[in-house]
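Here is the structure we will look at.
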Amino acid sequence: MTLTKADLVQEIFKNHPSLTKTLATDSMEAFLKLSKDSLISGNDLLLSGFGKFSVKDKKARRGRNPQTGEELTLPARRVVTFKPSGILREKINNG
Amino acid sequence: MNKSELIESLSEKINISHREAAAITNTIIDSMAKALTRGENIEIRGFGSFVIKDYNSYEGRNPKSGKKIKVKPKKLPFFKVGKDLRERVNKGK
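Protein sequence lines, in the order shown, are assigned to chains F and P. In case it helps, full-length UniProt numbering puts the first sequence at residues 1 to 95. In case it helps, full-length UniProt numbering puts the second sequence at residues 1 to 93.
Structure follows, in structure tokens:
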């Protein structure tokens with residue numbers, strides 16, 4: 001089983017009877033847009049009780065094409081990493 | 001950005017009360033945490049996916065004392081950023 005955006009919209013709709021289906025969808029989309037915008041602008045996203053999404057700058061490094069063995073330089077890039085909170089880790093391991 | 005800033009922005013963006021925005025945010029986060037707790041993966045297009053990885057027990061060391069310890073098997077959620085977000089974060093630098 002995989003939880004998707006549609007499942008999350010369904011959860012919102014179920015748990016908040018005052019919302020229309022449209023507003024439940026809109027709130028999910030807005031939640032994602034705001035989260036993404038924060039990361040795109042280079043700001044970490046901290047969701048307490050869940051985890052922290054960090055934006056990290058990686059330096060350029062020499063690497064290899066694993067298929068051909070050819071050496072190449074991988075350019076500097078900016079990536080997103082996720083660190084689960086202690087609470088989430090605890091829940092996942094102890095139900 | 002932390003959770004309360006996210007809630008504030010959400011309430012402004014779709015014009016709902018602060019209380020409602022907080023409740024919705026908690027529903028989203030709780031639903032994701034519950035799915036992972038049940039051992040389910042999460043896949044959100046354009047954002048990314050979470051999978052639970054199983055780690056076997058291994059011999060580790062206490063980094064402070066250097067003492068050998070046995071690390072119990074554990075599960076950890078692993079996040080893979082979606083293609084669209086990955087590219088936009090990289091361009092944003």
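Virtual Cβ for every residue (Gly too), placed ideally from N, Cα, C.
Going along the chain, which residues of its own chain have a beta-carbon closer than 8 Å to the beta-carbon of residue 2 of chain P, five neighbours each way excluded?
Taking the second sequence and counting its residues from 1, the one referred to as residue 2 of chain P is at position 2. Closer than 8 Å at the Cβ level, and outside the excluded window around residue 2 of chain P, lies no residue.
So is residue 65 of chain P buried or exposed if we call it buried at 16+ other beta carbons inside 10 Å?
The residue you call residue 65 of chain P lines up with position 65 of the second sequence. Looking at its Cβ environment, which holds fewer than 16 other Cβ atoms inside 10 Å, residue 65 of chain P is exposed.
Where does residue 8 of chain P sit, in a helix, a strand or coil, going by DSSP?
Residue numbering aside, residue 8 of chain P sits at position 8 when the second sequence is read from its first letter. Residue 8 of chain P falls in the helix class under three-state DSSP.
Partners in chain P for residue 48 of chain F, counting only beta-carbon separations shorter than 8 Å
Here the question's residue 48 of chain F lines up with position 48 in the first sequence. Going along chain P in sequence order, the residues near residue 48 of chain F (Cβ under 8 Å) are 2 and 3.
Check for me: the beta strand (DSSP E) holding residue 57 of chain F runs from which residue to which?
As a first step, residue 57 of chain F is located in the first sequence; it is residue number 57 there, counting from the start. 51-58 is the span of the beta strand (DSSP E), which, as asked, contains residue 57 of chain F.
Less than 8 Å between CB atoms is the rule here; does residue 4 of chain F satisfy it with respect to chain P?
Counting from one through the first sequence, the residue named residue 4 of chain F turns up at place 4. Using a CB distance cut-off of 8 Å, residue 4 of chain F counts as an interface residue toward chain P.
Beta-carbon gap between residue 9 of chain P and residue 17 of chain P smaller than 8 Å
Reading the second sequence from its first residue, position 9 is the one you call residue 9 of chain P. Reading the second sequence from its first residue, position 17 is the one you call residue 17 of chain P. Contact: no.
Minimum C-alpha distance to residue 85 of chain P - residue among F:63, F:42, F:14 and F:94
In the second sequence, residue 85 of chain P corresponds to position 85, counting from 1. Here the closest residue by C-alpha is F:42.
For residue 78 of chain F, tell me which candidate among F:63, F:66 and F:54 has the shortest Cα-Cα distance.
Within the first sequence, numbered from 1, the residue matching residue 78 of chain F stands at position 78. It is F:54.
Bridge partner(s) assigned by DSSP for residue 69 of chain P
As a working note, residue 69 of chain P is residue 69 in the second sequence. Beta-bridge partners assigned by DSSP to residue 69 of chain P: P:60.
Which word fits residue 6 of chain F, buried or exposed, when buried means at least 16 other C-beta atoms lie within 10 angstroms of its C-beta?
As a position in the first sequence, residue 6 of chain F is number 6, starting the count at 1. Flag for residue 6 of chain F reads exposed.
If the criterion is Cβ atoms closer than 8 Å, does the pair residue 53 of chain P and residue 80 of chain P meet it?
Your numbering for residue 53 of chain P matches position 53 in the second sequence. Your numbering for residue 80 of chain P matches position 80 in the second sequence. Not closer than 8 Å, so no.
Using a beta-carbon distance cut-off of less than 7 Å, what residues from the stretch 54-70 of chain P approach chain F?
Going along the stretch 54-70 of chain P in chain order, one finds no residue with a Cβ nearer than 7 Å to chain F.
Proximity of residue 85 of chain F and residue 63 of chain F at Cβ, strictly below 8 Å
Position 85 of the first sequence, counting from 1, holds the residue named residue 85 of chain F. Position 63 of the first sequence, counting from 1, holds the residue named residue 63 of chain F. No.
Short check: CB of residue 16 of chain F to CB of residue 33 of chain P, under 8 Å?
Along the first sequence, read from residue 1 onward, the residue named residue 16 of chain F stands at position 16. Along the second sequence, read from residue 1 onward, the residue named residue 33 of chain P stands at position 33. Their beta carbons are not under 8 Å apart, which means residue 16 of chain F does not touch residue 33 of chain P by this criterion.
Chain F residues whose Cβ lies nearer than 9 Å to that of residue 45 of chain P
The count along the second sequence starts at 1 and reaches residue 45 of chain P at position 45. The answer, in chain order, is 4 and 5.
Mind checking residue 22 of chain F: buried by the 16 CB within 10 Å criterion, or exposed?
For this step, residue 22 of chain F is matched to residue 22 along the first sequence. Classification of residue 22 of chain F: exposed, given that the 10 Å Cβ count is below 16.
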